[in-house]
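J.: This is the structure I have questions about; it appears just below.
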Amino acid sequence: MCLAARPVIAFIPVRDLAVARRFYEHSLGLRVTGETGYATVLTAGGTSVRLTQLDDFHPQPFTLVGWEVPDIAAAVRALAARGISFTRYEGTTQDADGVWMTPGGDFVAWFTDPDGNTLSLTSFARRPE
């Protein structure tokens, strides 16, 4: 079986499902499609995003999940208006909104969820193949 045409499910570890649900549903605008005692399932662009509660969770120092957006400046402004702060990385030249332009001309901005998971927005200079 080839998985290339099968839907992807993203898993995001969290400490507190109620706090994470509020962030992903209200701050990011994802739609809740299911909930159990140990997970909340949301949808983003046709992809299932499963928030999974882990009591002994430590966020990793890399981007866990990212969204492709057509206009990164507008997306950053919209999320900032909802109280989301964008991360600045030492040694990376980012604009006043925290957006970095890659050597290939793509634009990336990073932020974190309430558990410290790194999330990102990306606008591609040209759509990757």
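Residue 1 is where the sequence shown starts when you use this note's numbering, and the numbers rise one by one after that. The beta carbon of each residue, even a glycine, is placed where N, CA and C say it ideally should be.
Within 10 angstroms of its Cβ, does Tyr24 collect 16 or more other Cβ (buried), or is it exposed?
T.: Numbered from 1 along the sequence shown, position 24 holds the residue referred to as residue 24. That one is buried.
J.: Determine, using beta carbons only, whether Phe111 and Ile84 come nearer to each other than 8 Å.
T.: On the sequence shown, position 111 is the one that residue 111 refers to. On the sequence shown, position 84 is the one that residue 84 refers to. Yes; because the gap between Cβ atoms is below 8 Å, this pair is in contact.
J.: DSSP has Met101 in a bridge; who is on the other side?
T.: For this step, residue 101 is matched to residue 101 along the sequence shown. Per DSSP, Phe107.
J.: Return yes when the Cβ of Arg82 is within less than 8 Å of the Cβ of Ser27, no when it is not.
T.: For the purposes of this step, residue 27 is identified with residue 27 of the sequence shown, where counting begins at 1. For the purposes of this step, residue 82 is identified with residue 82 of the sequence shown, where counting begins at 1. Yes. Within cutoff.
J.: Using alpha carbons as the reference points, say which of Leu119, Ala75, Ala73 lies closest to Pro13.
T.: Taking the first residue of the sequence shown as 1, we reach residue 13 at position 13. If we check each option's Cα against that of Pro13, Leu119 comes out closest.
J.: What residue range does the alpha helix (DSSP H) around Arg21 cover?
T.: Here residue 21 corresponds to residue number 21 of the sequence shown, with the count starting at 1. 17-22 is the span of the alpha helix (DSSP H), which, as asked, contains Arg21.
J.: Where DSSP assigns a beta bridge to Gln53, which residues make up the other side?
T.: Here residue 53 corresponds to residue number 53 of the sequence shown, with the count starting at 1. For Gln53, which the question treats as bridged, DSSP gives the partners Val14.
J.: Looking only at its chain, what residues have a beta carbon closer than 8 Å to the beta carbon of Phe57, apart from the 5 residues adjacent to it on each side?
T.: The sequence position of residue 57 within the sequence shown is 57, counting from 1. Excluding residues within five positions, the ones whose Cβ falls inside 8 Å are Pro13, Val14, Arg15, Asp115.
J.: Could you give the distance in angstroms between the alpha-carbon of Ala96 and the alpha-carbon of Arg6?
T.: Here residue 96 refers to the residue found at position 96 when the sequence shown is read from its first residue. Here residue 6 refers to the residue found at position 6 when the sequence shown is read from its first residue. Each residue's alpha carbon lies about 39 Å from the other.
J.: Which of helix, strand or coil does DSSP assign to Leu79?
T.: For the purposes of this step, residue 79 is taken as the residue at position 79 of the sequence shown. It is helical.
J.: Kindly indicate which residue of Gly45, Ala18, Thr102, Leu121 has the alpha-carbon position closest to the one of Ala109.
T.: As a working mapping, residue 109 is identified with position 109 in the sequence shown. Closest option to Ala109, Cα to Cα, is Leu121.
J.: Can you tell which of Ala80, Met1, Ile9 has the C-alpha that lies nearest to the C-alpha of Ala44?
T.: To locate residue 44, count along the sequence shown from 1; it is residue 44. Per the Cα distances, Ile9.
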